[in-house]
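Here the working numbering is used: the first residue of the sequence shown is 10, the next is one more, and so on.
Idealized CB from N, CA, C, for every residue including glycine.
What you are looking at is a predicted structure, and each value in this text was computed from that prediction instead of being measured.
Data block below; observations after.
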Amino acid sequence: MESTPSRPVLGLPTRIGVGVIVLWAVLHLWVGVEGLRQFFVGSARSQWDMFLGGANAPKAAFVHATDAVTANVHAHELVNFGVDVAGYGVLALVAAWMIQTKASWTGYFLFLVVVGICDLAFLFSLVTSGIIELNAGTVGGPVLWFIACALVPMGMPRRTA
10 MESTPSRPVL
20 GLPTRIGVGV
30 IVLWAVLHLW
40 VGVEGLRQFF
50 VGSARSQWDM
60 FLGGANAPKA
70 AFVHATDAVT
80 ANVHAHELVN
90 FGVDVAGYGV
100 LALVAAWMIQ
110 TKASWTGYFL
120 FLVVVGICDL
130 AFLFSLVTSG
140 IIELNAGTVG
150 GPVLWFIACA
160 LVPMGMPRRT
170 A
């Protein structure tokens, strides 16, 4: 089966990789939605609960702000962080669309590099440091990123001269 100018034929590894990218995006969009929900109906304490709980930052040991100004600053910083995470999810969806519809290496490199900066910063600053709770969600993002980065190039069509 040959690719057409409108729709390139992607190999199975790339198609699976695109699915993994979409799954990565959904996970990160959820962080933004939940962060917004906590901001509007919860408190800075409930927002912090999303980003604590690791071995080196148990929720019970974290000292929450007791004054209104500091708690308000925390709430706004945390909602910004959550929405930024969701923004990376949107970028991942754009990259997945570029790869799926155009076999775009630019889309792949956006996911590899830009989303990789996001995920690897999270992995090394929050997960491996023991700040955030170690669970399927916190480890899953970086694992999905790595799997997608490995699979996508395997099924991309070759460039012709």
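Using the rule of at least 16 other Cβ atoms within 10 Å of the residue's Cβ for burial, across every protein chain shown, is residue i buried or exposed?
i, result
"E142", "buried"
"I172", "Here the chain covers residues 10 to 170 and nothing more, so residue 172 does not appear."
"D76", "exposed"
"L87", "buried"
"A157", "buried"
"T23", "buried"
"V50", "exposed"
"V99", "exposed"
Would you kindly work out how many angstroms separate the C-alpha atoms of residue i and residue j, rounded to a whole number?
i, j, result
"G44", "M59", "8 Å"
"F120", "W154", "8 Å"
"T137", "A145", "14 Å"
"K68", "V161", "38 Å"
"H85", "V72", "18 Å"
"F90", "L38", "12 Å"
"F48", "A80", "11 Å"
"T110", "M165", "11 Å"
"A159", "V42", "28 Å"
"I25", "I140", "32 Å"
"A170", "A112", "Its pLDDT being 48, under 50, A170 is placed unreliably by the model, and the measurement read from it follows with that caveat. Rounded to whole angstroms, A170 to A112 spans 16 Å at the Cα level."
"A104", "V78", "39 Å"
So for residue i, helix, strand or coil by DSSP?
i, result
"I126", "helix"
"G8", "It is not possible to answer for residue 8, since the shown part of the chain is limited to 10 through 170."
"I140", "coil"
"G51", "coil"
"G116", "helix"
"G20", "coil"
"G63", "coil"
"H37", "helix"
From this set, the options, which residue's C-alpha is nearest residue i's C-alpha?
i, options, result
"V124", "V94, L135 and W39", "V94"
"F131", "Y117, F118, V148 and T115", "V148"
"S134", "S52, L61, P17 and L32", "L61"
"V82", "W114, W57 and A70", "W57"
"G7", "I108, P151, A101 and S55", "Residue 7 falls outside the range modelled here, since the chain spans only 10 to 170, and no answer is possible."
"Y97", "S55, R167, N65 and L32", "L32"
"G28", "A101, F118, A53 and C127", "A101"
Tell me which residue opens and which closes the alpha helix (DSSP H) that residue i is part of.
i, result
"E86", "A77 to K111"
"R16", "First-last for R16: undefined, no H or E at that position."
"P162", "It is not in any alpha helix (DSSP H) - P162 carries neither H nor E in the DSSP assignment."
I'd like to know if residue i contacts chain C, where contact means its C-beta is closer than 9 Å to some C-beta of that chain.
i, result
"R46", "Protein chains in the displayed structure number just one, and chain C is not present."
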